[in-house]
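Have a look at the structure below before the remarks.
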Amino acid sequence: MQSKMKESDPILEVENLSASTDNLPILKGVSITVYPGEIHAIMGRNGCGKSTLSKIIAGHPSYNITNGDIKFLGENINSLEPEERAQSGIFLGFQYPIEIPGVSNLEFLRVSTNARRKFLNKEELDTFDFEELVKEKLELVKMDNAFLSRSVNQGFSGGEKKRNEILQMALLEPKIAILDETDSGLDIDALRIVASGIKKIANTQTGIILITHYQRLLDEIKPNYVHVMSDGKIIKTGGSDLALELEKKGYEWTDNYIKQS
Amino acid sequence: MVNENLVKDVVKEPYKYGFVTDIETEKIAKGLNEDIIRLISQKKEEPKYLLDFRLKAFKKWQKMKEPDWAGLGYKQIDYQDIIYYSAPKQKEKISSLDEVDPKLLETFDKLGIPLTEQKKLTNVAVDAVFDSVSIATTFREELAEHGVIFCSISEAVKNHSDLIEKYLGTVVPASDNYFAALNSAVFSDGSFVYIPKGVTCPMDLSSYFRINSGDSGQFERTLIIAEESSSVSYLEGCTAPMFDTNTLHAAVVELIALDDASIKYSTVQNWYAGDEEGVGGIFNFVTKRGKCLGKRSKISWSQVETGSAITWKYPSCLLLGEESVGEFYSVALTNNLQKADTGTKMVHIGPKTKSTIVSKGISAGNSINSYRGLVKMGTKAAGSRNYSQCDSMLIGDQASANTFPYIKSQQPNSEIEHEASTCRISEDQLFYLQSRGIEFEEAVSMMVSGFCRDVFNQLPLEFAAEADKLLALKLEGSVG
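Those protein sequence lines, which keep their order, are chains A and B. For what it's worth, the working numbering labels the leading residue of the first sequence as 38, then goes sequentially. For what it's worth, the working numbering labels the leading residue of the second sequence as 777, then goes sequentially.
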């Protein structure tokens, strides 16, 4: 099955990527390639560089790429602005979605969706047409209309914020979605809702990178590959069973692995 | 940080209204003394009581000291180096708009305030003031049918002298403060509005103030009277050309609301703010005050202050009538080296009076933006309530925001509530919006708009859109 996938071109290629913030190296040569239809999981201790990797792919201005390349659909995107990356189909689901007081969620979602649609040469939606679309997508994450009239993420519970992220993903229809600890802080029911939302959005043309600490999300969404990160590097890559093994043996096991290598 | 610089670029928007109209003007000599005041009064063919009013004010002004408590630190104003009367040369009596100098019409056209019959705004009557004189007032006949008087204050002095004599200086006495005294001595023109009993003014009224000369001050005077059970919505807009000298603008606005009357006064102030180094720009030292004389009367101030090198104004309400209501909604945006010290005074005198204050200050560049307000509950203000909310937003790391709320209560049976907050547009917020495909400039503008929403909701429809656009203009490099 995997060899069949690879007949097509990769969506995302991270090649030997090193990056730093305030002259402090965070990533030290990370490589990862995602083909259409693939789901990758990245696991690792806090501070190993998982979140940094996701932010750099999305274009966060606080990090400098010191070496290596990020290619999206074959093009180098190292110097693109975050909004250009988003418009072209890169989506980052935030570990801690940001609150924006005074800006209505509906308006935010509409402007954002239209920015993506404009890039795709699709007609931009007016308020009425957009409300139709967003209602349909709200179903996916079991949110009600009241969410739309509130300010972006303001006063949302942890679970509501994460569902709002998946709602955005559903509206933006990205080519690749990097979901940074989307499962953290969710109860079992919310986790199921979020996981089923992700599964419905994913298809054979999209790629997904799940950044997580826990097996429980991977029980819901089975990854093709599991990467283990430590100290800014990917130290081990395997199939979905690697996550199970990690769950059993803990990260100490990977520490030993580093010592051995 | 990369984004900090970007924010700085974004808030740098060239001033669109900086042109000068080349027109022949009649100016009197520089300087201020009794003879100058007599000359102004004579030019305007004023009755004796008004000349006396001016001279009395001048005597008071001479004894007063220029206030410095706001600590605004501006260069000393030389009051003898200002021209106190400057008017475009026109025919003596103008009976219709066709006789107005086309250059003047063109000027207002360029400012987006067309005056001619074919082009004039359909739902707003406009009084256009150019330097020291009112050029034209639209829709006068239509308004007259409802008994509404809307004209320049000079005309009102001639045709409605009784009203002027009765009300002028009753809300802002000549001795009120240094700049009010100066204005009372030398005021040139401004707008006059009278809404008769029981009339709801059929359209919004608006004055547009344009300073054209670089060396003359503008001292306009506005008086609005709403009789019992009447209501009016009044809009005020201001622009000036770019000069490297500072021009003084010291206006006085007086509002009077009788029983069950309501006045809504909205300002979009966009005087020239000076350049990035703080050279030039208008000194906007204005006294605006409304008197809720009648029972259940209501005065509502809303303002969007984006221009001027220095803004110093506190639109206030004296709540005398039982159950009268005062409101103040303000957005003040400062950039570069601008300074704004603005707020309100809500003076609760009558029982069961209510006031609401919502102030939003946005400071960018090296600017200083202060809210200064007073809420006072007098001994007779039993059952009165006030709610104040003052929020500040900082853009960049060089700007500053201050809040100075003064609260004085002599009435135990009254309630005063005050909330304040300060926030900064954070890199994380910007990145979040950008990572959803929203352009950097739009992201900044969205957040500023969101921050101001409570106030924009209070503006008349025509103005709300303009205010939003104006803020976006000030904040976006690419738009406009």
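Cβ coordinates follow ideal geometry from the N, Cα and C atoms, glycine included.
Closest to D854/B by CA distance: which of G993/B, T976/B, D965/B is it?
It is G993/B whose Cα lies nearest to the Cα of D854/B.
Does any residue of chain B bring its CB to less than 8 Å from the CB of G66/A?
No, its Cβ sits nowhere closer than 8 Å to a Cβ of chain B.
Is there contact here, the stretch 1132-1151 of chain B with the stretch 1170-1179 of chain B, by at least three beta-carbon pairs under 8 Å?
They touch, by the three-pair rule.
Rounded to a whole number of angstroms, what is the C-alpha to C-alpha distance between G966/B and S1038/B?
In a straight line, the C-alpha of G966/B is about 21 Å away from that of S1038/B.
Is L919/B closer than 8 Å to S1042/B when the C-beta atoms are compared?
No, these two residues do not count as a Cβ contact at 8 Å.
Name the DSSP bridge partner or partners of S1146/B?
The partner list for S1146/B (beta bridge, DSSP) reads D1117/B, N1178/B.
Step through the CB atoms of chain B and report whether any lies within less than 8 Å of the CB of Q124/A.
Chain B, which has a Cβ nearer than 8 Å to the Cβ of Q124/A, makes this yes.
Please list the terminal residues of the continuous beta strand (DSSP E) segment that includes A1029/B.
Reading the sequence as shown, one finds Val at residue 1029/B and not Ala. Run containing V1029/B: 1028-1033, per the beta strand (DSSP E) assignment.
Any beta carbon from chain B within less than 8 Å of Q132/A's own beta carbon?
No, Q132/A lies away from the interface with chain B (no Cβ there is under 8 Å from its Cβ).
Taking DSSP's pairing of strands, which residues face D163/A in a bridge?
BP columns for D163/A are empty, so no partner.
What did DSSP end up calling V67/A once you bin it into helix, strand or coil?
DSSP places V67/A in strand when its eight states are reduced to three.
Closer than 8 Å, CB to CB, is N779/B near chain A or not?
Caution is warranted here: a pLDDT of 41 is assigned to N779/B, below 50, making its placement in the model unreliable, and the coordinate value is therefore given only provisionally. Output row for N779/B: interface = yes.
For the stretch 104-125 of chain A, enumerate the residues whose C-beta is nearer than 8 Å to any C-beta of chain B, in chain order.
Answer in chain order: E118, P119, E120, R122, A123, Q124.
Along chain A, in chain order, which residues have C-beta atoms closer than 7 Å to that of I1214/B?
What I1214/B touches in chain A: E120, V148, S149, A152.
Quick check on the burial criterion: 16 or more other C-beta atoms within 10 angstroms. Buried or exposed for L157/A?
Classification of L157/A: exposed, given that the 10 Å Cβ count is below 16.
Just list the residues that DSSP pairs D1167/B with in beta bridges.
DSSP, once it has assigned bridges, lists K1136/B, S1197/B as partnering D1167/B.
Using a beta-carbon distance below 8 Å, is R1229/B in contact with chain A?
Interface residue, yes.
Check whether chain A comes within 8 Å of D1204/B, counting only Cβ atoms and requiring the distance to be less than that.
It does: the Cβ of D1204/B has a partner Cβ on chain A nearer than 8 Å.
Kindly indicate the opening and closing residues of the beta strand (DSSP E) around P878/B.
Not the beta strand (DSSP E): P878/B falls in the alpha helix (DSSP H), residues 878-886.
Would S99/A count as contacting chain B if we go by Cβ distances under 8 Å?
Output row for S99/A: interface = yes.
Under the three-state reduction of DSSP, which class applies to M1222/B: helix, strand or coil?
Looking at M1222/B - three-state DSSP - the assignment turns out to be helix.
The ligand PLP and E1030/B: does any heavy atom of the ligand fall closer than 7 Å to the residue's C-beta?
As presented, the structure is devoid of all ligands, the ligand PLP included, so that no description of it is given.
Determine whether the Cβ of Y1208/B lies closer than 8 Å to any Cβ atom of chain A.
Taking Cβ atoms only, chain A reaches closer than 8 Å to Y1208/B, which makes this a yes.
What does L129/A touch in chain B if you count any residue whose Cβ is under 8 Å from its own?
Within chain B, the residues near L129/A are S1211.
Check for me: the beta strand (DSSP E) holding R187/A runs from which residue to which?
Neither: R187/A is in no beta strand (DSSP E) and is coded neither H nor E.
Going by the CB atoms, is the gap between L255/A and A239/A shorter than 8 Å?
Their beta carbons are not under 8 Å apart, which means A239/A does not touch L255/A by this criterion.
From what residue to what residue does the alpha helix (DSSP H) around A1085/B run?
Element bounds for A1085/B: n/a, residue is neither H nor E.
So with Cβ pairs under 8 Å, would you call I137/A a contact of chain B?
With 8 Å as the cut-off, I137/A counts as an interface residue toward chain B.
Tell me C1228/B's beta-bridge partners as DSSP assigns them.
DSSP lists no partner for C1228/B.
Between G1226/B and chain A, is any beta-carbon pair separated by less than 8 Å?
Interface residue, yes.
Please report the straight-line C-alpha distance between S964/B and Y954/B, rounded to a whole angstrom.
Using only the alpha carbons, I get a separation of about 17 Å.
Mind checking if A95/A is an interface residue toward chain B, Cβ cutoff 8 Å exclusive?
Output row for A95/A: interface = yes.
Taking three-plus beta-carbon pairs below 8 Å as touching, is the stretch 77-88 of chain A in contact with the stretch 145-165 of chain A?
Short answer: they don't touch.
Taking the alpha-carbon positions, what's the S57/A to I93/A distance?
About 10 Å.
Any beta carbon of chain A sitting closer than 8 Å to that of M979/B?
Answer no: the Cβ-Cβ gap between M979/B and chain A never drops below 8 Å.
Would you please verify whether the beta carbon of M1153/B is less than 8 Å from any beta carbon of chain A?
Not closer than 8 Å to any Cβ of chain A, the Cβ of M1153/B fails to qualify, so no.
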